[in-house]
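These notes concern the structure reproduced below.
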Amino acid sequence: MDNNNLELLSSALRTVGANFDVPTLELIMVIKELIEQKGAEISLGEIGAISNQIAEKYKLNTP
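Structure follows, in C-alpha cells:
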C-alpha cells in the first residue's frame, strides 16, 4: 500500500475515533501480507526486522 493510501486510511480511521499513524498502519499491512504468505510460520525475529525497517524508513529512532 502506498503512502497516499496509508494517509487516507489513517484519516478515515481518525473519523471513527481510531488513531493510527502511517508507520503503524504500514507495519500492520506488511505483517498482514506476511501472515497471508507464511501463516503461522512467521517468527518474532521477522516481525522485529520489519518493525526496524519501518522505523528507519520513517526515521522514528532519531531524536
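With numbering that gives the first Met the number 0, letter number 8 in the sequence shown gets 7, and the count goes up by one each step, no holes. Even glycine gets a Cβ: it sits at the ideal position worked out from N, Cα and C.
Asked, Found
"Reduced DSSP secondary structure (H/G/I, E/B, other) of alanine 39", "helix"
"Member of Lys58, Thr23, Ala11, Thr61 whose CA lies at the smallest distance from the CA of isoleucine 46", "Thr23"
"Backbone secondary structure at proline 22 - three-state DSSP", "helix"
"Whole-number beta carbon distance between glutamate 6 and valine 21, since they are thought to touch under 8 Å", "6 Å"
"Local conformation of leucine 8 per DSSP, three classes", "helix"
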